[in-house]
Amino acid sequence: MLVHPEAESKIRQGVTTELVGNCCGSPAPVPDEHFDDFMQYMIGLDGFYQKVLAPEDWKWKTLAQFYQDMTQPPYGWDNPIDGLGWDQIRLNGFNRETNQELEGLTVARIAEHMAIPPLEAVFRLFEVEQGGLSMIVFSMNEEEVIEIMQQPEGIFGSDGCAIAPYGLTGSRKVHPRFYGTYPRILGRYVREKKVLTLEQAIYKMTGLPARKLHLKDRGLLNKGYQADIVVFDENQIIDTATFENPHQYPKGIHHVLVNGQRVISNGEHTGRLPGKILKRNPT
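Sequential numbering from 329 applies to the sequence shown in the numbering used here.
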């Protein structure tokens with residue numbers, strides 16, 4: 329299974345057709361061959377430490393050596409931000425109260441605010457925050473995203489986690505895909521752009537991933553299956569979360585049933601928590 333296919337920076341754009349052809353264009357495809365697709369926003373969310381300061385020998389390097397490694401190709405490591413400007417990279421995950429005003433700003437704006445060069449600003453903040461930063465990178469091309477989406481082997485995923493607009497998670501700037509991935513697919517790419525039929529998109533969200541993960545009683549509306557059901561208006565469903573205001577629920581979803589119990593009724597949470605851990609069926 330190919331995980332997370334994408335042309336992550338602008339200098340890598342244009343390789344999608346070759347990638348899809350190599351993976352999915354074989355006249356005799358590998359049985360059960362699929363890939364997931366997380367890129368409906370054309371923007372990636374990555375841990376800054378893992379992406380930038382992960383080399384095992386980093387602790388032996390001086391700051392000057394880091395600057396040289398990050399700005400002077402050829403790189404001896406995978407640089408996902410090569411070819412981007414600092415105005416295309418936002419930082420989030422700030423824990424210190426004095427840095428909260430920087431949450432969600434681009435590195436360019438942060439550097440201007442701190443009156444120092446962008447790369448120096450990144451390193452200073454990384455040190456102060458003790459490595460707890462993430463970055464949102466505006467790096468992908470929608471045409472290539474659509475090409476990946478249209479492959480029959482592709483499975484949709486949000487690459488997100490459980491959050492809410494209240495409590496601890498509600499105080500942070502998060503990626504809008506945490507709230508809007510599936511409504512965005514159904515609204516923008518099915519209804520507006522018509523790059524997939526409604527049936528194709530639904531199957532890539534439900535039946536196909538359930539089959540791939542060997543969840544024997546999930547993903548389809550069949551007798552004897554668990555009733556995990558979303559009732560939505562195909563003419564209204566759309567994401568509303570933005571990078572500036574990400575904690576917004578989508579429009580057009582009326583009811584949600586989990587294991588046969590109504591969790592969302594007329595757009596409101598019922599207080600029921602019938603979810604359970606799903607385990608892969610070995611057969």
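Quick reminder that beta carbons are idealized off the backbone N, C-alpha and C, glycines included.
Helix, strand or coil at residue i according to DSSP, with G and I counted as helix
i    : result
K579 : strand
R519 : helix
T434 : strand
I444 : coil
F484 : strand
V456 : helix
E418 : Looking at the sequence itself, residue 418 is Arg, so the reference to Glu does not match. Note: R418 maps to strand in three-state DSSP.
M477 : helix
F571 : coil
V502 : coil
R530 : As written in the sequence, residue 530 is Ile, which differs from the Arg given in the question. In this structure, I530 counts as helix in the three-state DSSP scheme.
P355 : Residue placement at P355 is flagged as unreliable, the pLDDT there being 44, under the threshold of 50; a coordinate-derived value is accordingly withheld.
T525 : coil
Q396 : helix
Q428 : helix
Straight-line gap, residue i to residue j (C-alpha atoms, nearest Å)
i    : j    : result
N420 : K501 : 6 Å
R525 : V518 : Residue 525 is actually Thr in this sequence, not Arg. Using only the alpha carbons, I get a separation of about 6 Å.
W414 : Q428 : 19 Å
I476 : K521 : 15 Å
A529 : V456 : 43 Å
M398 : I464 : 18 Å
G588 : V558 : 11 Å
K604 : Q416 : 39 Å
K532 : Q396 : 44 Å
N563 : G515 : 8 Å
N550 : Y494 : 36 Å
D410 : P402 : 11 Å
R418 : H575 : 17 Å
Y577 : A538 : 25 Å
R452 : R590 : 48 Å
G482 : I513 : 13 Å
A392 : V450 : 14 Å
A569 : P511 : 10 Å
F454 : E448 : 10 Å
A439 : F506 : 28 Å
G599 : V586 : 12 Å
T596 : H503 : The sequence shown places Glu at residue 596, not Thr. Answer to the nearest angstrom: the Cα atoms are 23 Å apart.
V584 : E527 : 19 Å
E471 : G488 : 23 Å
CB of residue i within 8 Å of CB of residue j, strictly
i    : j    : result
K579 : I566 : yes
I432 : F571 : The sequence shown places Gly at residue 432, rather than the Ile named in the question. Yes. Within cutoff.
Q554 : D561 : no
V435 : P445 : no
S462 : L412 : no
A490 : G498 : no
T534 : G547 : yes
I474 : V523 : yes
Identity of the residues DSSP links to residue i by a beta bridge
i    : result
E596 : S593
V586 : Q589
I513 : Paired residue(s): none; I513 is not in a bridge.
F560 : I581
I566 : K579
### Query
With a cut-off of 8 Å, do at least 3 Cβ pairs link the region 600 to 611 to the region 526 to 546?
yes
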